[in-house]
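Asker:
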Amino acid sequence: MDINHLKEFILLAKYENYLKASQELFIAQSTLSKHMTALENDIGHRLIDRTNKKIELTESGSLFLHYAKQICQNEEELKKHLSLKDVDDIVTINMGASRLMIEYGITELVSQCVKLYPKVRFKITEGSEIELKQAIDQQKLDISFIRELSPAKSNNSFVYMKEQLCAIVKNTHPLANQDEISLEMLKDEQLYLPPDFTVEHQAFLKCCEKEQFYPIISFTAPRMENLLEMVNINEGIALIMEHQARFYLNESYKLIPLKPEIDSYINCKLHHDCPDSKELENFMSIARQYSKN
Numbered sequence: 001m002d003i004n005h006l007k008e009f010i011l012l013a014k015y016e017n018y019l020k021a022s023q024e025l026f027i028a029q030s031t032l033s034k035h036m037t038a039l040e041n042d043i044g045h046r047l048i049d050r051t052n053k054k055i056e057l058t059e060s061g062s063l064f065l066h067y068a069k070q071i072c073q074n075e076e077e078l079k080k081h082l083s084l085k086d087v088d089d090i091v092t093i094n095m096g097a098s099r100l101m102i103e104y105g106i107t108e109l110v111s112q113c114v115k116l117y118p119k120v121r122f123k124i125t126e127g128s129e130i131e132l133k134q135a136i137d138q139q140k141l142d143i144s145f146i147r148e149l150s151p152a153k154s155n156n157s158f159v160y161m162k163e164q165l166c167a168i169v170k171n172t173h174p175l176a177n178q179d180e181i182s183l184e185m186l187k188d189e190q191l192y193l194p195p196d197f198t199v200e201h202q203a204f205l206k207c208c209e210k211e212q213f214y215p216i217i218s219f220t221a222p223r224m225e226n227l228l229e230m231v232n233i234n235e236g237i238a239l240i241m242e243h244q245a246r247f248y249l250n251e252s253y254k255l256i257p258l259k260p261e262i263d264s265y266i267n268c269k270l271h272h273d274c275p276d277s278k279e280l281e282n283f284m285s286i287a288r289q290y291s292k293n
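In the UniProt record's numbering, the protein residues as written are 1 to 293.
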């Protein structure tokens, strides 16, 4: 017995008219009539009195209408309860990331995890390294990708990637033919960096302090595209982490390593009291496979 035929029968009984019922169902009258005949054959009783022009239910049809409504109502309740069960089975991972999602393949990690585990949902929080560390400590995040100056060492974290700060110049810049650039060579240059609250910015200033000079930082911005555009139009030098730079560079620019090296680490971290979670373990496993450390 086709439950859709039951629903059509209930509608036909309501309108007592094939035309009105078929119009609401968006099917032809002849199709509706065939479905009613098939329904009668399924249950072995005549449901509709066809001796008169007006649609009337037989005695069996009236009895069947009562149970047809119950069956359809039970089906709707079943779908609702199954839907609620699906919602209960869904697991949300609260994940933090600074300006790292696309350039470091983290969106690819999330996509891979969702494909493998359809019940997993990701809620992403963006913020600075300081904000993300606080959110992890306060257990507002389950997991976070954070740039730090030292590699992760706890059981609940690992190094996702290590990279160096690099100089980006136009191919026409006087320093473009250098294999490496020392801090001394940057003393009189116009420099473009990520914001001063970032790990790489602060690490660069500390290195300059050791060399006993203060750099000319004439422009800061969180977006790599803006830093590169300043390089393009002003002939200055952008200092960007290597992997981020390679994601955006084209043939108009040259990436040159700095000496001494200024390293940082993208650490994948769980909060210390994170409960055992199969979903988090699965995501961590995928992240480790994608790790470029």
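Using N, Cα and C, we set each Cβ at its ideal position, and we do this for glycine too. Only a predicted model underlies this, so the values are computations on that prediction, with no experimental measurement involved.
If you pair each beta-carbon of the region 96-107 with each one of the region 49-61, do three or more pairs fall below 8 Å?
Answerer: At 8 Å Cβ cutoff, the stretches do not touch.
Asker: Residues in the same chain with beta-carbon distance under 7 Å from residue 305, minus the five sequence neighbours each way, listed in chain order, please.
Answerer: Given that the chain is displayed from residue 1 to residue 293, the structure contains no residue 305 and the question cannot be resolved.
Asker: Can you give me the C-alpha to C-alpha distance between Phe9 and Ser285, rounded to a whole angstrom?
Answerer: Taking the straight line from one Cα to the other gives about 53 Å.
Asker: If you scan the region 227-268 from start to end, which runs of the alpha helix (DSSP H) of 4 or more residues do you find wholly inside it?
Answerer: For the region 227-268, whole alpha helix (DSSP H) runs of length 4 or above, ordered along the chain, are 242-248.
Asker: Please classify Gly96 as buried or exposed, where buried requires at least 16 other C-beta atoms within 10 Å of its C-beta.
Answerer: Flag for Gly96 reads buried.
Asker: Would you call the region 119-139 and the region 150-160 touching, i.e. three or more CB-CB distances under 8 Å?
Answerer: Segments in contact, no.
Asker: With H, G and I counted as helix, E and B as strand and the rest as coil, what does DSSP make of Asp42?
Answerer: Asp42: helix per DSSP, three-state reduction.
Asker: Would you mind sorting Leu89 into buried or exposed? The rule is 16 or more other CB atoms within 10 Å of its CB.
Answerer: According to the sequence as given, residue 89 is Asp; it is not Leu. By the 10 Å Cβ count, Asp89 comes out exposed.
Asker: Measure the alpha-carbon distance for Lys20 versus Arg99 and round it to whole angstroms.
Answerer: Approximately 59 Å, taken between the alpha carbons.
Asker: If residue 294 sits next to Tyr192, beta carbons under 8 Å apart, how far is it from one beta carbon to the other, in whole angstroms?
Answerer: Any answer about residue 294 is impossible in this case: the structure gives the chain only from 1 up to 293.
Asker: Count the CB pairs spanning the region 139-149 and the region 195-213 that are closer than 8 Å, and state whether there are at least three.
Answerer: Yes, since at least three Cβ pairs between the region 139-149 and the region 195-213 fall closer than 8 Å, the two stretches touch.
Asker: Compare the Cα-Cα distances from Asn17 to each of Tyr67, Glu242, Asp49, Leu39 and report the closest residue.
Answerer: With distances taken between Cα atoms, Asn17 lies closest to Asp49.
Asker: Taking only the alpha-carbon atoms, compute the straight-line gap between His5 and Tyr117 and give it to the nearest angstrom.
Answerer: Each residue's alpha carbon lies about 36 Å from the other.
Asker: So, using beta-carbon positions, are Phe204 and Arg288 closer together than 8 Å?
Answerer: No.
Asker: With H, G and I counted as helix, E and B as strand and the rest as coil, what does DSSP make of Met95?
Answerer: Met95 falls in the strand class under three-state DSSP.
Asker: Identify every residue that forms a DSSP beta bridge with Ile146.
Answerer: Answer is Asn267.
Asker: Since I believe Ile168 is in contact with Leu255 (beta carbons under 8 Å), could you give me their beta-carbon distance rounded to a whole number of angstroms?
Answerer: Yes, they are in contact, since the Cβ atoms of Leu255 and Ile168 sit about 6 Å apart, within 8 Å.
Asker: In terms of residue numbering, what span does the beta strand (DSSP E) encompassing Phe213 cover?
Answerer: Looking at the DSSP string, Phe213 is not in any beta strand (DSSP E), and its letter there is neither H nor E.
Asker: Under a three-way DSSP split, which group does Arg121 fall into?
Answerer: If DSSP states are grouped into helix, strand and coil, Arg121 belongs with the strands.
Asker: Identify the continuous alpha helix (DSSP H) that holds Met284 and give its terminal residues.
Answerer: Counting along the chain, the alpha helix (DSSP H) containing Met284 begins and ends at 278-290.
Asker: Going by C-alpha to C-alpha distance, which of Tyr67, Thr51, Asn41 sits closest to Lys7?
Answerer: The candidate whose alpha carbon is nearest that of Lys7 is Tyr67.
Asker: Would you tell me roughly how many angstroms separate the C-alpha atoms of Ile216 and Lys269, rounded to the nearest one?
Answerer: For Ile216 and Lys269, the distance between alpha carbons rounds to 35 Å.
Asker: Which residue marks the beginning of the alpha helix (DSSP H) containing Lys115, and which one marks its end?
Answerer: Note, Lys115: alpha helix (DSSP H), 106-116.
Asker: From which residue to which residue does the alpha helix (DSSP H) around Ile10 run?
Answerer: Segment 3-15, the alpha helix (DSSP H) holding Ile10.
Asker: So, using beta-carbon positions, are His271 and Ile136 closer together than 8 Å?
Answerer: Closer than 8 Å, so yes.
Asker: Go ahead and pull the three-state DSSP assignment for Glu189.
Answerer: Note: Glu189 maps to coil in three-state DSSP.
Asker: So, using beta-carbon positions, are Ile93 and Asp142 closer together than 8 Å?
Answerer: Their beta carbons are under 8 Å apart, which means Ile93 touches Asp142 by this criterion.
Asker: Compute the distance between the beta-carbons of Gln190 and Gly236, then report whether it is under 8 Å.
Answerer: Yes, Cβ-Cβ distance for Gln190 and Gly236 is below 8 Å.
Asker: Can you grab the Cα-Cα spacing for the pair Gln134 / Glu75, in whole Å?
Answerer: The alpha-carbon atoms of Gln134 and Glu75 are separated by roughly 48 Å.
Asker: Tell me the DSSP bridge mates of Gln164?
Answerer: In DSSP, Gln164 forms a bridge with Asp263.
Asker: Looking at Leu63 and Ala13, is the spacing between their C-beta atoms short of 8 Å?
Answerer: No, the pair does not count as a contact, with Cβ atoms beyond the cut-off.
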